[in-house]
Amino acid sequence: MEKIPVYASTDYEVIIGNGLIDEAGNYIAAALKLEQGTEKKITAVIVSDDNVFPLYGERVKKALNEQGFKTLEFVFTHGERSKSLETYGKLLEFMCESHVKRSDMIVALGGGVVGDLAGFAAATYQRGIDFIQVPTTLLAAVDSSVGGKTAVDLVSGKNQVGAFYQPRLVLCDIDTLSTLPPEEYACGCGEIIKYAILESEEFFDELLEKPVSEQYEHVIATCVNIKKHYVENDEFDTGLRMKLNLGHTFGHAVETCSGYTILHGQAVAKGMAAVTLAASEMGLCSKETAARVLEILDRYDLPKDISFGVEEMYNAMLVDKKNSGTVTNLIVPMAIGNCRIMKIPTEKLKGWLEEGGVEG
Ligand code: NAD
Ligand code: GLY
């Protein structure tokens, strides 16, 4: 088991290990500094989706009830399209009608969609209640459950409404990853590859030598340690943390253009392929670096080609938060383990897309 502390506006631990959800009540009571084993005056609203709750919901509920927490459940239809103002509103109405108080909490049981939406509800319901992240996708384990970015999407753009709001605990039970569909496993690997390209050639080589699924605890802990560094140094994403958006400038546009039918991790993979190819075409990184990035994406069954046109992608990028008016902060690989934030005049992004293999 690994316990990684994160020091931010709220300090918390990320606990990574096996068999953790059956002990969720103990870990949450400890994180909230509550007496173990006694009845609590706290209701835990378990927020989950209709794939995850049937698999793990009752076990989490039992673990919470055993520790004296009362529980409520809010389960919505899985998928990015539910990360909406509509679902968010329904969750808030449900909590208000159920007399959920400021001293109660939300337990987000699921992937990044559940975590982002539940976290935003926790940040805003009665001006903020506690929340716990229980990630059940690889992507959520290595990325979205840590760092306090919460959001919902608008029709015209992804993550356009949200808040920075840190959880009180992240409880990552590796056993839950055993039921992940293969394409969701691949999506998580996309974000893991992102950390390796950003920070560590040694980690990149480890991912090529041994599949992620054979070294979950090590891989998740490595990614969380990398992310922790970014979050602790730039919690509110004004500088260093922007690097975590490697592949996301083009990736978010791919998601928007596809009407969210292309999964986040797949879109990020396409974005990483395009920005690396463009960087090598412009002489910013070597051809060998680009070839290695494409090789590892292939190894993990991740897609590389963008099938939307330059104009369509460009228009989608105009609503992205990374684009501050006339300039976009684009994260560009110089080598494996070394990326740079480049301020690109926004209209020049069309040229980057073309160099990255996107057709007019
Ligand atoms: P997701 O939450 O939609 O989960 C993917 C699918 O897997 C869903 O159908 C879900 O029901 C299913 N699932 C989840 N856990 C399962 C399990 N253990 N067994 C079987 N099925 C399971 O998607 P995701 O990839 O986890 O997250 C993507 C979202 O995360 C996007 O909205 C993205 O914007 C967001 N994100 C946020 C951050 C952040 O810092 N907040 C970072 C990266 C991504
Ligand atoms: N996933 C990007 C970030 O947390 O900043």
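Counted from 1, the sequence shown has number 443 at position 129 by our numbering; the numbering is strictly sequential. Don't be surprised by glycine CBs; every beta carbon is placed ideally from N, CA and C. Please read these numbers as outputs of a predicted model, since none were measured by experiment.
Bridge partners for residue i per DSSP, in chain order?
| i | result |
| --- | --- |
| N652 | A649 |
| P319 | E327 |
| I540 | For I540, which the question treats as bridged, DSSP gives no partner whatsoever. |
| A338 | Its beta-bridge partners do not exist; DSSP assigns none. |
| L453 | Partner(s): none; L453 has no beta bridge. |
| Q447 | A422 and V484 |
| L467 | Inspection of the sequence shows that residue 467 is occupied by Asp rather than by Leu. Its beta-bridge partners are S398. |
Could you spell out the range, first to last residue, of the alpha helix (DSSP H) harbouring residue i?
| i | result |
| --- | --- |
| I506 | P496 to E513 |
| M409 | L399 to E411 |
| L663 | L663 to E669 |
| G553 | Taken as a continuous stretch (DSSP letters only), G553 belongs to no alpha helix (DSSP H), as it is neither H nor E. |
| V589 | H578 to E595 |
| G565 | H562 to C571 |
| I610 | K601 to R613 |
| V460 | It is not in any alpha helix (DSSP H) - V460 carries neither H nor E in the DSSP assignment. |
| V624 | V624 to M631 |
Would the beta-carbon of residue i fall within 9 Å of that of residue j?
| i | j | result |
| --- | --- | --- |
| L485 | L386 | no |
| S396 | V359 | no |
| F383 | L405 | no |
| G476 | D548 | no |
| V533 | E520 | yes |
| L452 | I511 | no |
| G424 | T464 | no |
| G585 | A567 | yes |
| A588 | I620 | yes |
| D467 | Y574 | yes |
| I645 | H562 | yes |
| E268 | L577 | Residue numbering for the chain in the displayed model covers 315 to 674; residue 268 lies beyond these limits and cannot be assessed. |
| V328 | K472 | no |
| V582 | G623 | no |
| Y509 | V526 | no |
| A435 | Y402 | yes |
| Q480 | V607 | no |
| Q447 | V460 | yes |
| T391 | D363 | yes |
| I342 | L369 | no |
| G651 | F517 | yes |
| Q381 | N340 | yes |
| T552 | G462 | no |
| L483 | A592 | no |
| E625 | G674 | yes |
| L560 | P647 | yes |
| V421 | A338 | yes |
| V641 | K664 | no |
| D615 | P449 | no |
Specify, as a first and last residue, the run of the beta strand (DSSP E) that residue i falls within.
| i | result |
| --- | --- |
| I360 | T357 to D363 |
Around the C-beta of residue i, are 16 or more other C-beta atoms found within 10 angstroms, so that it is buried, or is it exposed?
| i | result |
| --- | --- |
| K415 | exposed |
| M596 | exposed |
| M631 | buried |
| P617 | buried |
| M315 | exposed |
| V469 | exposed |
| Q350 | exposed |
| K347 | exposed |
| E569 | buried |
| T352 | exposed |
| C410 | exposed |
| K375 | buried |
| T493 | exposed |
| T536 | buried |
| R685 | Residue 685 is absent from the structure shown; the chain starts at 315 and stops at 674. |
| F550 | exposed |
| L399 | exposed |
Identify every run of the alpha helix (DSSP H) within the stretch 362-392, keeping only runs that are complete inside it and at least 4 residues long; order them along the chain.
For the alpha helix (DSSP H) assignment, the uninterrupted runs of no fewer than 4 residues enclosed by the stretch 362-392 are, from N- to C-terminal side, 372-380.
* Going along the chain, which unbroken runs of the beta strand (DSSP E) with 3 or more residues stay wholly within the stretch 469-497? -> Fully contained in the stretch 469-497 are the following beta strand (DSSP E) runs of length 3 or more, in chain order: 471-478 and 483-487.
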